[in-house]
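Visitor:
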Amino acid sequence: MTKQIGIWIDHKRAVILTVSEDGETMQKIESGLEHLHFRGMTRPRTPYSAQYQKGDDQLDKQFQGHLSKYYENVLAVVRGVQAVMIMGPGEAKTELKKRLEREKTCPPITGILPADKLTDRQFAAKVREHFQEVAIRA
Numbered sequence: 310m311t312k313q314i315g316i317w318i319d320h321k322r323a324v325i326l327t328v329s330e331d332g333e334t335m336q337k338i339e340s341g342l343e344h345l346h347f348r349g350m351t352r353p354r355t356p357y358s359a360q361y362q363k364g365d366d367q368l369d370k371q372f373q374g375h376l377s378k379y380y381e382n383v384l385a386v387v388r389g390v391q392a393v394m395i396m397g398p399g400e401a402k403t404e405l406k407k408r409l410e411r412e413k414t415c416p417p418i419t420g421i422l423p424a425d426k427l428t429d430r431q432f433a434a435k436v437r438e439h440f441q442e443v444a445i446r447a
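Counting in this note's numbering, the sequence shown runs from 310 upward without gaps.
#1: Let me check you understand the geometry: is the CB of residue 339 closer than 7 Å to at least one non-hydrogen atom of the ligand FMN?
#2: Please determine, among 313, 314, 318 and 311, the residue with the shortest C-alpha to C-alpha distance to residue 423.
#3: My guess is that residue 312 and residue 436 are in contact by the Cβ rule of under 8 Å, so how many angstroms apart are they, rounded?
#4: Can you grab the Cα-Cα spacing for the pair residue 375 / residue 342, in whole Å?
#5: Just the Cα atoms here: how many angstroms apart are residue 400 and residue 332?
#6: What are the residues that DSSP puts in a beta bridge with residue 422?
#7: Counting C-beta neighbours from all protein chains within 10 Å, is the total for residue 428 16 or more, i.e. buried, or is it exposed?
#8: Can residue 440 and residue 326 be called in contact, C-beta distance under 8 Å?
#9: For residue 340 and residue 315, what's the separation of their Cα atoms in angstroms?
#10: In the structure shown, what three-state DSSP assignment does residue 374 receive?
#11: Starting from residue 403, trace the alpha helix (DSSP H) in both directions and tell me its first and last residue.
#12: Quickly, what does DSSP pair residue 437 with across the bridge? List them, please.
#13: For residue 406, collect the residues of the same chain with a Cβ closer than 8 Å to its Cβ; drop the 5 residues on either side in sequence, then sort them by chain order.
#14: Which of helix, strand or coil does DSSP assign to residue 384?
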C-alpha cells in the first residue's frame, strides 16, 4: 500500500494531505506562534527596565524551541510514508526539509515548491498533479 504525503507549511500552520489507495485525508497542525507572547518583548515603561529584558538571542532560542516542537508534530505524521512533497511560502519548507534529511528513516522528497496560500481544494489538486507527474517520470 503506497502512501504519499503533500505538505503545505509556514510558521503558523501545516496542512498535510495523505494520498493512498484508500483515498485522501487532510489534517491541519497549528503551531500556536501567533498566540505566543514571550516575556520581555514589550517596550520598557520605566527608566531602568531595559536592563531587565531578555536579549534577542534568548528570544530567538525560545522561538526556535517552539518551532522545534511544531516540526516534530509534523514529522510524526510523515514517518512511514513512501514519498513527500513540501510546499509553502517562506523558510519553513526548507527548515522542514533539513529536519527530514536528519531523520534516519527519511522518505524520498519528490519536490519542494514555492506556493502562496491555497484553498484546501487547490492544495489537494496540486498534490495529486505532482504525484501523477512523478509516477509518469518513474
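Glycine included, C-beta positions come from ideal geometry on N, C-alpha and C.
Guide: In this structure, then:
#1: Of ligands this structure carries none, so the ligand FMN is not represented either.
#2: Per the Cα distances, 318.
#3: Under the criterion of beta carbons closer than 8 Å, residue 312 and residue 436 do not qualify as touching, at roughly 13 Å.
#4: Cα-Cα distance, rounded: 8 Å.
#5: Computed Cα separation, rounded: 30 Å.
#6: Its beta-bridge partners are 396.
#7: An exposed status is given to residue 428, since fewer than 16 other beta-carbon atoms sit within 10 Å of its beta-carbon.
#8: At a Cβ-Cβ threshold of 8 Å, residue 440 and residue 326 do not count as neighbours.
#9: Rounded to the nearest whole angstrom, the CA to CA distance from residue 340 to residue 315 is 18 Å.
#10: It is helical.
#11: In the DSSP assignment, residue 403 falls within the alpha helix (DSSP H) that extends over 401 to 411.
#12: Under the DSSP definition of a beta bridge, residue 437 lacks any partner.
#13: Excluding sequence positions up to five before and after residue 406, its CB lies within less than 8 Å of the CB of 395, 418 and 421, all in the same chain and listed in chain order.
#14: Helix.
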